[in-house]
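> Let me give you the structure first, and then I'll get to my questions.
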Amino acid sequence: MKFLFTSCLRRYLIPFLLILCCFFYACKNDNPIQEQLPAGVKVLDPRLDLSVAVEDPDIVTPVGIAIDKRDRVFVLESHTHLQPKDYAGPDGDLIKVFEDSNGDGNLDKTTIFAEGILEGLNLAFSPEGHLYLVTSREVWVFYDSDGDGVSEERQKLLELTKPDYVYPHAALLSIAFSPDGWMYIGRGNTGSDLWIMEGTDGNQVSGFGDGGNIIRAKWNGSEVEIFSTGYWNPFDLKFDDYGRLLVADNDPDSRGPNRLVHAVQGSDFGYQSLFGGSGIHPYLAWDGELPGTLPIAVPLGEAPSGLLNANFAALPADYQDQMLCTIWEESNIVRVNFREQGMSLTGEAEVIVQGGEEFRPVSFASDSKGNIYFTDWVIRYYPNHGRGKIWKMTTKQDVPLLKRSEMYQAPVQDKMQPLLSLTTATWEDILKHLVSDDPFEVHAAQMAMGQHPAKIQMAAKDNHPSIRMAALLTAMRSGDESMEYLVRDFLRDKDAEVRKMALIWVGSAQLTAYKNEIETVLTAGPVNNDLFQTYLETVKLLQPEFVNAYQSREITRSNTLPRSLPEGFVSEIVRDASKPSGIRVFAFRYLEDLGAHQNFLLSFLEKNHESEIRLETVRTLQGLPDKAVAAKLLEMALDTSNPEIIRSDALAVLAAQPLDDWERIIPLLDTSEENIRTEAARYLRSKISRPEVREAFEKRKDNASPPNAFQQQLLLGLEQQMPGRPDKEEEALWQELLEGKADSERGRRVFFSNTSLCATCHQMDGKGGDLGPDLSQVGRSKDRRGLISSILYPSAEMSPEWQGWYILLKDGNRLDGRQIDVGNNDIKLYTQSKGFVSVDKKDIADYGMIKASLMPDGLEQRLSDQDLRDLLAYLQGNP
Numbered sequence: 000m001k002f003l004f005t006s007c008l009r010r011y012l013i014p015f016l017l018i019l020c021c022f023f024y025a026c027k028n029d030n031p032i033q034e035q036l037p038a039g040v041k042v043l044d045p046r047l048d049l050s051v052a053v054e055d056p057d058i059v060t061p062v063g064i065a066i067d068k069r070d071r072v073f074v075l076e077s078h079t080h081l082q083p084k085d086y087a088g089p090d091g092d093l094i095k096v097f098e099d100s101n102g103d104g105n106l107d108k109t110t111i112f113a114e115g116i117l118e119g120l121n122l123a124f125s126p127e128g129h130l131y132l133v134t135s136r137e138v139w140v141f142y143d144s145d146g147d148g149v150s151e152e153r154q155k156l157l158e159l160t161k162p163d164y165v166y167p168h169a170a171l172l173s174i175a176f177s178p179d180g181w182m183y184i185g186r187g188n189t190g191s192d193l194w195i196m197e198g199t200d201g202n203q204v205s206g207f208g209d210g211g212n213i214i215r216a217k218w219n220g221s222e223v224e225i226f227s228t229g230y231w232n233p234f235d236l237k238f239d240d241y242g243r244l245l246v247a248d249n250d251p252d253s254r255g256p257n258r259l260v261h262a263v264q265g266s267d268f269g270y271q272s273l274f275g276g277s278g279i280h281p282y283l284a285w286d287g288e289l290p291g292t293l294p295i296a297v298p299l300g301e302a303p304s305g306l307l308n309a310n311f312a313a314l315p316a317d318y319q320d321q322m323l324c325t326i327w328e329e330s331n332i333v334r335v336n337f338r339e340q341g342m343s344l345t346g347e348a349e350v351i352v353q354g355g356e357e358f359r360p361v362s363f364a365s366d367s368k369g370n371i372y373f374t375d376w377v378i379r380y381y382p383n384h385g386r387g388k389i390w391k392m393t394t395k396q397d398v399p400l401l402k403r404s405e406m407y408q409a410p411v412q413d414k415m416q417p418l419l420s421l422t423t424a425t426w427e428d429i430l431k432h433l434v435s436d437d438p439f440e441v442h443a444a445q446m447a448m449g450q451h452p453a454k455i456q457m458a459a460k461d462n463h464p465s466i467r468m469a470a471l472l473t474a475m476r477s478g479d480e481s482m483e484y485l486v487r488d489f490l491r492d493k494d495a496e497v498r499k500m501a502l503i504w505v506g507s508a509q510l511t512a513y514k515n516e517i518e519t520v521l522t523a524g525p526v527n528n529d530l531f532q533t534y535l536e537t538v539k540l541l542q543p544e545f546v547n548a549y550q551s552r553e554i555t556r557s558n559t560l561p562r563s564l565p566e567g568f569v570s571e572i573v574r575d576a577s578k579p580s581g582i583r584v585f586a587f588r589y590l591e592d593l594g595a596h597q598n599f600l601l602s603f604l605e606k607n608h609e610s611e612i613r614l615e616t617v618r619t620l621q622g623l624p625d626k627a628v629a630a631k632l633l634e635m636a637l638d639t640s641n642p643e644i645i646r647s648d649a650l651a652v653l654a655a656q657p658l659d660d661w662e663r664i665i666p667l668l669d670t671s672e673e674n675i676r677t678e679a680a681r682y683l684r685s686k687i688s689r690p691e692v693r694e695a696f697e698k699r700k701d702n703a704s705p706p707n708a709f710q711q712q713l714l715l716g717l718e719q720q721m722p723g724r725p726d727k728e729e730e731a732l733w734q735e736l737l738e739g740k741a742d743s744e745r746g747r748r749v750f751f752s753n754t755s756l757c758a759t760c761h762q763m764d765g766k767g768g769d770l771g772p773d774l775s776q777v778g779r780s781k782d783r784r785g786l787i788s789s790i791l792y793p794s795a796e797m798s799p800e801w802q803g804w805y806i807l808l809k810d811g812n813r814l815d816g817r818q819i820d821v822g823n824n825d826i827k828l829y830t831q832s833k834g835f836v837s838v839d840k841k842d843i844a845d846y847g848m849i850k851a852s853l854m855p856d857g858l859e860q861r862l863s864d865q866d867l868r869d870l871l872a873y874l875q876g877n878p
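This is the structure:
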């Protein structure tokens, strides 16, 4: 029996157990590639495989990568990028060639193609098959006539002759080729320094205070010219299959998101280094906010570094016509899914590879089989550090693939033809296209208008503001002094946008002859806060100290040029009773050092001044907490001879004031004016712990249904729920609940109140905080449904520009804010309470992105139904 059992065991059970083990092993290893990846690296598209092709010490600190027609992988190995003290590597950067010598799919042969390179950044093969190198200040072409993988000749084609010093991440950065004989070079902002770039034929282009550019020249380095401008640092650029040049651009410190843009001839994307690194200035745009600038195609994460036309790779079919992009700071790779939008495109980015702290992807290339290779700097440490990887990405078998394009094939121009054809359009067609809603169509028509200089004067008098704007922009860009006389009429234009751009023309070109005429923009038509701020900045740019410094170029860093308003300039506007009260109201918002102006501000509260001035004074005093100010505001709130709006706003501002005798507000709960008793109740909600306040609220509470604005404040003060409120998740019911009569003036007080805290982080019309986005134009970008959704679910839709970050300190404290920069030794955040803060890395336990919005949940719980209706009316700009 024992023998029989043993025999059966051997014959049946053991094979069964082997099969079972194999089954469990297969289930456990359903993604063996994923298990082989370094810690923290995840492939989020399960159809893709990822493997390390080469790693340190065979490759260290790699940046640019390019693959030739023989599938040899050329990699730029950096050794001179912020080289640390006592660095043990070579004195110059190397271009290494990695080759699969035996066809087994592995890069097993290495040669040195070139060496002795200083601050190399990028590589690309031209359609002719020559390797081009971009360094921080030069563009070179290398020749390998015998094809042995070692260059025997090199030629310098382009050079930044100024400035004398460049930071490697803000100078020459990227390169791409078009089949018509042009190469395109991405130039960073050179830290706002004066720059000059020279080609092989001696031709030069230059700039001072402009943004980064896309510069183009012939393949031999001749005929250099500026193709596009207004960038921060355009780290990579690639053509798609339709002739569109797409550029991955980093963002200024306080602006975002990083962006993918569609560059076309003459395009301007809005950044100028003259106005500092924050990107916040009325002369600047980041998403097409200014006339004459173009918008973002796709928002990207922090520090996009490399692009790849997906059509060059053997990727899944749904990657057709997409781009891949490395996001260095966020340790990931995204696919950018495009869709047509007018004459251009837009789209979204989706993460397909997510890495950990030791995954810093930089540049892409693909071979003839469609395999993708990309370089990895590995760690977030800018100086050369001896680490590095080259990754290989492929698509799994049996996955349907996209229709590939040949790497060296000329891109077709069919999607670009509508834009290109406008350059030869008739005058009548140009005028028709100028009034389009498509900014790319308008841009092309404006470029075409430049071909008809004799008709610019006629267009400047056209009835349509878009045509007058085009005439202004064309004349401004031409630099033709004979057209400058047109600015006089533009300063008097009835359209506020035209007047604003006229100011920008005068300030940018320092047209000091019109210095005494720019004030006409404030009286020629309606004025808004944006126009007034632009006026003040233009005054600064026309001061002799700035003009002389700008024109002499003795100070080579443009963002340090002296610029200030004449002493007392804004306060004189406030004091000048001969000026329209509307203009003086805007001036209040730009008064500095309110404490120094306290006495004259208090004098404007007297009844001999216009109500508009008195009201703006009350609102300005919110930023000046002081017992004397509080006493005066209380006096105004109690004075029944004052207009209701002034009394109501005085009560609202008192919430931020040190008021001793606040009990005098309690009788205002019985006034006949609903706005006043509502604001009195809102103020007293913070005192509900006092017996006399609770008693006053209980005494005046009734059971009217629905409760009015005043009764709702009492309910909130007594910590009672609003009757009939739906659950938070029932958005449709909230939309219905918040329909009804609203008061935008009351909504303004809600926005700036201590109960909503909106103004702590957001601005409206030049007032408020700047941790969150300016909401002055939010009513144009979001409909009512979108605004309600943003209040109820602040984390549901977050723009990358306002992504929150946290820093957890080793002492247990935590900081939340907007991430400004992660440096070698510190991290900078912009916080609500402290503004800009810099934290030493040695004091940090952890940091990263906040999943939820910086805007806290539960705003609707602090506000009544009527508060929310009024707030929506204010945000939408409704009366």
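Quick note: the sequence shown uses numbering that gives the first Met the number 0, first residue 0, plus one each step. Virtual Cβ for every residue (Gly too), placed ideally from N, Cα, C.
Give the single residue among S150, D366, D147 and S135 whose Cα lies nearest to the Cα of E158.
Looking at the Cα atoms, S135 is the closest of the given residues.
> For H463, count neighbouring Cβ atoms within 10 angstroms of its own Cβ and tell me buried if that reaches 16, exposed if not.
Counting Cβ neighbours within 10 Å, H463 comes out exposed, since fewer than 16 surround it.
> Assess, as a yes-or-no matter, whether the segment 536 to 555 is touched by the segment 576 to 594 under the definition of 3 or more beta carbon pairs within less than 8 angstroms.
No, they do not touch.
> Considering only C-alpha positions, which residue in the set E328, G115 and C324 is nearest to E349?
Taking only the C-alpha atoms, the option nearest E349 is C324.
> Mind checking whether F568 and V538 have CB atoms under 8 angstroms apart?
It is a contact, given that the beta carbons lie within the stated cut-off.
> Taking the runs of the alpha helix (DSSP H) that are 4 residues or longer, which of them lie wholly in the segment 258 to 303?
Here no run is fully enclosed.
> By the three-class DSSP mapping on this structure, what secondary structure does L870 have?
L870 falls in the helix class under three-state DSSP.
> Between the C-alpha atoms of V352 and I64, what's the straight-line distance to the nearest angstrom?
Their Cα atoms are separated by approximately 19 angstroms.
> So within the segment 321 to 357, which uninterrupted beta strand (DSSP E) runs reach at least 3 residues, ignoring any that extend past its ends?
If we require 3 residues or more, the beta strand (DSSP E) runs fully inside the segment 321 to 357 come out as 322 to 326, 331 to 340 and 343 to 353.
> Going by DSSP in three states, S191 sits in which element: helix, strand or coil?
Three-state result, S191: helix.
> Are the CB atoms of V204 and L171 nearer to each other than 8 angstroms?
The answer is no: Cβ separation not under 8 angstroms.
> Output the boundary residues of the alpha helix (DSSP H) element that contains R784.
Residues R783 to L791.
> Going straight from the alpha carbon of G269 to that of E483, what length do you get?
Using only the alpha carbons, I get a separation of about 22 angstroms.
> CB L306 to CB F439, shorter than 8 angstroms?
No, Cβ-Cβ distance for L306 and F439 is not below 8 angstroms.
> To the nearest angstrom, how far is the alpha carbon of Y24 from that of D48?
The predicted model places Y24 with a pLDDT of 37, which falls under 50 and marks its position as unreliable, so this point remains unresolved.
> Checking 8 angstroms against the spacing of the C-beta atoms, do R215 and M415 come in under that value?
Cβ atoms of R215 and M415: not closer than 8 angstroms.
> Return the CA-CA distance between A312 and S404, expressed in angstroms with no decimal places.
Cα-Cα distance, rounded: 8 angstroms.
> When DSSP labels each residue in this structure, what does Y846 get in the three-state scheme?
Y846: strand per DSSP, three-state reduction.
> Our contact map puts A679 next to P657 with C-beta atoms below 8 angstroms; I'd like the distance itself, whole angstroms only.
Rounded, the Cβ-Cβ distance is 18 angstroms, inconsistent with contact.
> Determine the DSSP secondary structure at Q203, reduced to helix, strand or coil.
Correct three-state label for Q203: strand.
> Ordered along the chain, which non-local residues of its own chain (more than five positions away) have a Cβ less than 7 angstroms from that of K631?
So the qualifying residues of the chain are L601 and L604.
> With distances taken Cα to Cα, identify the nearest neighbour of E518 among D529, R498, A508 and S507.
The candidate whose alpha carbon is nearest that of E518 is R498.
> So, do the segment 856 to 863 and the segment 739 to 757 have three or more beta carbon pairs nearer to each other than 8 angstroms?
Yes, since at least three Cβ pairs between the segment 856 to 863 and the segment 739 to 757 fall closer than 8 angstroms, the two stretches touch.
> If we call anything under 8 angstroms between Cβ atoms a contact, is E118 one with K95?
Taking 8 angstroms as the Cβ cut-off, E118 and K95 do not qualify as a contacting pair.
> If you reduce the DSSP assignment to three classes, tell me which class T110 lands in.
Reduced to three states, the DSSP call for T110 is strand.
> List the DSSP bridge partners of Y142.
Note: Y142 sits in a beta bridge opposite E152.
> Taking just the CA atoms, how far does D839 sit from D810?
If I take the Cα positions, the gap works out to 13 angstroms.
> In three-state terms, what does DSSP make of C26?
Residue confidence for C26 is low, a pLDDT of 40 falling below 50, so the modelled location carries little weight; the figure read from the coordinates is stated next. Helix.
> Taking C-alpha atoms, which residue in K68, R258 and S852 lies nearest to P793?
Nearest of K68, R258 and S852 to P793, Cα basis: S852.
> From the DSSP output, read off the bridge partner residues of Q762.
Its beta-bridge partners are G767.
> Evaluate P281 with the Cβ neighbour count: other Cβ atoms within 10 Å of its Cβ, from every protein chain shown; 16 or more gives buried, anything less gives exposed.
Result: buried.
> For G220, which residues from the same chain have a beta carbon less than 6 angstroms from its beta carbon, with the 5 sequence-adjacent residues on both sides left out?
L156, L157, G198 and T199, listed in sequence order.
> Contact between the segment 719 to 738 and the segment 687 to 699: three or more CB pairs below 8 angstroms?
With a cut-off of 8 angstroms, the segment 687 to 699 and the segment 719 to 738 do not count as touching, because too few Cβ pairs lie within range.
> Short check: CB of L774 to CB of G816, under 8 angstroms?
No, the Cβ-Cβ distance between L774 and G816 is not below 8 angstroms.
> From which residue to which residue does the alpha helix (DSSP H) around A548 run?
Start and end: P543 to S551.
> Since I455 contacts A474 with CB under 8 angstroms, what's their CB separation in whole angstroms?
Yes, I455 and A474 are in contact; Cβ-Cβ is about 6 angstroms, under 8 angstroms.
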